[in-house]
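In our numbering, each residue's number is its place in the sequence shown (first place is 1) plus 113.
All C-beta atoms, glycine included, are put in the ideal place defined by N, C-alpha and C.
Each remark here refers to the structure printed beneath this line.
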Amino acid sequence: MVDALEKAKEHLAEILKPQLERVERIKAEKDWIDYSRLKPIIIGVIGGDGIGPYITQEAHRVLEHLLKDEVDKGKVEFRVIEGLTIERRSEVKKPIPDDVLVEIKKCHVLLKGPTTTPKRGDPWPNIESANVAIRKELDLFANVRPVRVPKEGIDWVFFRENTEGAYALGPYGIEVTPDLAVDFKVITRPGSERIIRLAFEYARKNRIDRVTAVTKANVVKTTDGLFLKIFYDIAKEYPEINADDWFIDIMTAKLVDPKRRTQFKILVLPNLYGDILTDEAAEFQGGVGTAGSANIGKQYAMFEAIHGTAPRMVREGRTKYADPSSVIRAGAMLLNHIGYPELGERLNMALDICGQYERKLIMTGRDTGATGREFCDYILETIQDPKLKERWQGYQEG
Ligand code: IPM
Ligand code: MG
114 MVDALEKAKE
124 HLAEILKPQL
134 ERVERIKAEK
144 DWIDYSRLKP
154 IIIGVIGGDG
164 IGPYITQEAH
174 RVLEHLLKDE
184 VDKGKVEFRV
194 IEGLTIERRS
204 EVKKPIPDDV
214 LVEIKKCHVL
224 LKGPTTTPKR
234 GDPWPNIESA
244 NVAIRKELDL
254 FANVRPVRVP
264 KEGIDWVFFR
274 ENTEGAYALG
284 PYGIEVTPDL
294 AVDFKVITRP
304 GSERIIRLAF
314 EYARKNRIDR
324 VTAVTKANVV
334 KTTDGLFLKI
344 FYDIAKEYPE
354 INADDWFIDI
364 MTAKLVDPKR
374 RTQFKILVLP
384 NLYGDILTDE
394 AAEFQGGVGT
404 AGSANIGKQY
414 AMFEAIHGTA
424 PRMVREGRTK
434 YADPSSVIRA
444 GAMLLNHIGY
454 PELGERLNMA
464 LDICGQYERK
474 LIMTGRDTGA
484 TGREFCDYIL
494 ETIQDPKLKE
504 RWQGYQEG
């Protein structure tokens with residue numbers, strides 16, 4: 114037993130040291146990158162695994178169409194990055210192969226398809242998720258996930274902390290003895306401050322009068338307790354915004370309460386709660402296949418679907434029926450982020466029309482519906498309609 118405890122102590126020291134260093138890095142980090150000063154802005158496109166390459170290729174097509182003039186002017190450049198596949202990652206036993214990481218870091222923003230996340234018992238080595246590794250490597254601390262269902266009054270933006278919580282040391286738990294396993298959850302002051310501040314700044318900029326924190330601070334007292342304390346400290350700097358907090362269990366319930374849920378607007382939450390709650394939230398909008406996600410840091414940003422690689426679809430030969438809407442939504446967020454909000458808005462309107470209102474083509478995930486390619490053509494056609502805005506507004510009123 115003494116041996117086991119000694120080993121555990123050593124392990125703890127080993128994992129805490131990099132976390133203390135990370136805290137210092139966050140404190141010293143550079144300010145936000147200014148995309149308007151870059152020429153070109155480099156957009157890396159990563160296909161990923163499973164249905165990833167298929168749906169990402171469609172989203173790439175949409176972005177190339179919308180940014181054609183900018184590419185011609187040398188203001189934007191696309192780069193396809195190969196090699197972030199589960200086969201390559203397994204071969205080198207790393208979540209991101211070194212050469213791929215070099216290419217990734219040469220880009221300013223990424224559009225990324227889903228990647229396989231191995232777990233114990235899979236045919237792959239149990240390496241860390243590529244998503245999580247990229248988020249940590251590029252310090253993409255904010256996972257911003259909007260969910261909108263206008264006809265039900267739902268308009269939420271989730272600010273999920275993206276580099277800490279249960280994820281920071283996900284692969285570094287310890288089996289103290291074969292009977293005792295311990296994982297670690299990490300919350301830091303500067304890490305919490307930056308995500309909470311981003312949520313309040315977003316509210317202020319968009320004149321949204323409520324920001325809600327979600328934790329389990331009544332039980333997970335030290336880490337969630339710190340997050341919540343910082344939340345209310347920062348809230349004092351935004352007197353025009355109502356700040357409140359909910360526990361994750363009851364919040365999960367209230368999202369299905371039609372009377373209560375429309376009151377939530379901006380939610381800010383630690384990593385794992387954000388992971389879970391945003392899948393639930395996306396379901397109201399038509400499922401995870403319709404939701405995009407922005408992973409934002411001060412120097413880099415990555416835009417992706419919120420769902421996985423759909424191995425069952427691939428196995429059953431249904432890959433071409435995968436819905437590209439999620440990655441295309443992520444593409445709209447990318448356009449917004451790099452300084453083309455009008456293009457982003459057009460794309461969002463086209464997605465609303467095609468996916469929620471007009472629905473001339475329906476995606477069912479199988480041969481009873483449209484293929485991803487056909488659906489993407491439909492979106493492209495819709496974007497090019499000079500009366501797009503009027504069409505969209507018509508649906509808002511009707
Ligand atoms: C997400 C995904 C990832 C996460 C997985 C693939 C590691 O579920 O982006 O929400 O847990 O963050
Ligand atoms: Mg998730």
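For ligand 4, is there a heavy atom less than 7 Å away from the beta-carbon of residue i?
{"i": "Asp-388", "result": "Ligand 4 is absent from the structure shown, which contains only ligand 1 and ligand 2."}
Who are the Cβ neighbours of residue i in its own chain at under 7 Å, not counting the five residues just before and after it?
{"i": "Pro-263", "result": "Gln-509"}
{"i": "Pro-231", "result": "Trp-237, Pro-238, Asn-239, Ile-240"}
{"i": "Arg-202", "result": "Pro-208, Pro-210, Ile-240, Ala-243"}
{"i": "Gly-518", "result": "Within the shown structure, residues of the chain are numbered from 114 to 511, placing residue 518 beyond reach of any answer."}
{"i": "Arg-431", "result": "Gly-478, Arg-479"}
{"i": "Gly-410", "result": "Leu-251, Asp-252, Leu-253, Phe-254"}
{"i": "Leu-501", "result": "Arg-459, Met-462, Ala-463, Thr-495"}
{"i": "Glu-487", "result": "Leu-474"}
Are residue i and residue j closer than 8 Å when you measure CB to CB?
{"i": "Ala-443", "j": "Leu-180", "result": "no"}
{"i": "Lys-329", "j": "Phe-360", "result": "yes"}
{"i": "Val-381", "j": "Ala-326", "result": "yes"}
{"i": "Ser-438", "j": "Ile-419", "result": "no"}
{"i": "Tyr-434", "j": "Gly-482", "result": "yes"}
{"i": "Glu-190", "j": "Pro-238", "result": "no"}
{"i": "Phe-344", "j": "Ile-300", "result": "no"}
{"i": "Ala-394", "j": "Ile-354", "result": "no"}
{"i": "Tyr-351", "j": "Phe-397", "result": "no"}
{"i": "Leu-197", "j": "Val-222", "result": "no"}
{"i": "Ala-279", "j": "Asp-252", "result": "no"}
{"i": "Gly-478", "j": "Met-426", "result": "yes"}
{"i": "Ala-117", "j": "Thr-228", "result": "no"}
{"i": "Thr-336", "j": "Lys-298", "result": "yes"}
{"i": "Lys-378", "j": "Asp-268", "result": "yes"}
{"i": "Arg-273", "j": "Thr-365", "result": "no"}
{"i": "Tyr-115", "j": "Pro-303", "result": "As written in the sequence, residue 115 is Val, which differs from the Tyr given in the question. Contact flag unset, no."}
{"i": "Arg-192", "j": "Ile-146", "result": "no"}
{"i": "Gly-163", "j": "Ala-463", "result": "no"}
{"i": "Val-245", "j": "Pro-259", "result": "no"}
{"i": "Met-415", "j": "Ile-139", "result": "no"}
{"i": "Lys-219", "j": "Gln-412", "result": "no"}
{"i": "Ile-347", "j": "Ile-321", "result": "no"}
{"i": "Lys-318", "j": "Thr-276", "result": "no"}
{"i": "Gln-132", "j": "Ala-281", "result": "yes"}
Under the DSSP definition of a beta bridge, which residues are partnered with residue i?
{"i": "Leu-133", "result": "For Leu-133, which the question treats as bridged, DSSP gives no partner whatsoever."}
{"i": "Ile-194", "result": "Ile-159"}
{"i": "Gly-278", "result": "Val-299"}
{"i": "Ala-418", "result": "Gly-405"}
{"i": "Ile-267", "result": "Val-262"}
{"i": "Thr-290", "result": "Leu-293"}
{"i": "Asp-358", "result": "Ala-326"}
{"i": "Lys-349", "result": "According to DSSP, Lys-349 bridges with nothing at all."}
{"i": "Phe-254", "result": "Bridge partners of Phe-254: none, in fact."}
{"i": "Lys-225", "result": "Ile-159, Glu-417"}
{"i": "Leu-382", "result": "Arg-273"}
{"i": "Ile-154", "result": "Val-189"}
Cutting at 6 Å between CB atoms, please list the residues of its own chain near residue i, excluding the five before and the five after it.
{"i": "Glu-417", "result": "Lys-225, Ser-406, Ala-443"}
{"i": "Ile-194", "result": "Gly-157, Ile-159, Glu-216"}
{"i": "Asp-292", "result": "none"}
{"i": "Glu-171", "result": "Pro-437, Gly-485, Cys-489"}
{"i": "Leu-448", "result": "Leu-456, Gly-457"}
{"i": "Tyr-386", "result": "Val-327, Ile-361"}
{"i": "Arg-233", "result": "Asn-239"}
Among residues of its own chain, excluding the 5 on either side of residue i, which ones have a beta-carbon nearer than 8 Å to its beta-carbon?
{"i": "Val-175", "result": "Ile-441, Gly-444, Leu-460, Cys-489, Ile-492, Leu-493, Ile-496"}
{"i": "Ser-149", "result": "Gly-452"}
{"i": "Pro-166", "result": "Gly-160, Gly-226"}
{"i": "Pro-371", "result": "Glu-265"}
{"i": "Gly-187", "result": "Lys-152, Pro-153"}
Which term fits residue i, buried or exposed, when burial requires 16 or more other beta carbons within 10 angstroms of its beta carbon?
{"i": "Arg-307", "result": "buried"}
{"i": "Asp-388", "result": "buried"}
{"i": "Asn-408", "result": "buried"}
{"i": "Trp-79", "result": "Since the displayed the chain opens at 114 and closes at 511, residue 79 lies outside it and no answer follows."}
{"i": "Ile-475", "result": "exposed"}
{"i": "Glu-119", "result": "exposed"}
{"i": "Val-369", "result": "exposed"}
{"i": "Val-332", "result": "exposed"}
{"i": "Asp-235", "result": "exposed"}
{"i": "Ala-255", "result": "buried"}
{"i": "Pro-383", "result": "buried"}
{"i": "Ile-199", "result": "buried"}
{"i": "Asp-358", "result": "buried"}
{"i": "Ile-363", "result": "exposed"}
Can you confirm whether residue i, when its beta carbon is compared against all beta carbons of chain D, has any partner nearer than 8 Å?
{"i": "Ala-395", "result": "The structure shown has no chain D; it contains just one protein chain."}
Taking one C-beta from the region 278 to 292 and one from the region 121 to 131 each time, how about it: are there three or more such pairs within less than 8 Å? yes
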